[in-house]
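Numbering (the numbering used here), first residue to last: 190 to 407.
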């Protein structure tokens, strides 16, 4: 059983992941920002802890994560402005790395962005800034001495989740449901031998467990 601290536990991927982890017997601590979100996390079986990722110091983040042995970072500014993108998507993972160091946590999972994300659509202002901040976070995580996994899903949708994917270090771009991303993350967390990997992820034909096993063997 793992003790998992989810940064972004109230988001589309984070909340789904929390439910899956709880259902399979793991303990989950979920970070939330708005007071009304605590009840939702409790209802899902998570232990809610209040904190604003932008305002929190690494020490405060470590206090929130106390008792965890895995950190999942799936928070994002979601187009709420350049400054918030910098503070959450760019600076946030570095705070998580430092918090992990304070607690002796060695495992970190970062939900990042597929390099081609959104480039086939009309792009909103700030898109290149968003991608640059995601890249900056990836570099910080990959340079750390943690057992990290960087997951880069394609375009996120709210379609029904699947148990099959395409997963690998370099794959063709595509879409994927948030529920499917959560299932893939769940499988990766339960297979700690997959570490120090950058993994691209889209919908596809391979059962998730088989895809994760192939990474482990590779």
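By construction, the Cβ of each residue, glycine as well, lies at the ideal position given by its N, Cα and C atoms.
The three-state secondary structure of residue 356, taken from DSSP, is strand. The stretch 312-349 is shown to contain whole alpha helix (DSSP H) runs of 4 or more residues at 316-332, in chain order.
Counting along the chain, no beta strand (DSSP E) covers residue 211; the unbroken alpha helix (DSSP H) around it starts and ends at 201-212. A residue is called buried when at least 16 other Cβ atoms come within 10 angstroms of its Cβ; residue 394 does not meet this threshold and is exposed.
The residue among 402, 278, 248 with its C-alpha nearest the C-alpha of residue 330 is 278. Around the beta carbon of residue 271, fewer than 16 other beta carbons lie within 10 angstroms, which makes this residue exposed. Pairing residue 255 with residue 401, the inter-Cα distance amounts to about 28 Å. Restricting attention to 363, 339, 226, the CA atom closest to the CA of residue 204 is found in 226. Boundaries of the beta strand (DSSP E) harbouring residue 259: 259-262, taken from the DSSP string. Nearest in C-alpha terms to residue 344, of all of 215, 353, 190, 361, is 361. Sequence-distant Cβ neighbours of residue 207 in its own chain, meaning closer than 6 Å and more than five residues away, are 195, 198, 217, 219, 233, 235. Look at residue 366 here: in three-state DSSP terms it is strand. One alpha carbon belongs to residue 354, the other to residue 301, and they sit about 17 Å apart. For residue 209 against residue 371, the beta-carbon gap comes to about 6 Å, under 8 Å, which counts as contact. No Cβ-Cβ contact shorter than 8 Å links residue 378 with residue 211. Exposed is the label assigned to residue 293, since fewer than 16 other Cβ atoms lie within 10 Å of its Cβ. Taking the CA atoms as reference points, residue 327 sits about 30 Å from residue 224. Here residue 391 is buried, its C-beta having at least 16 other C-beta atoms within 10 Å.
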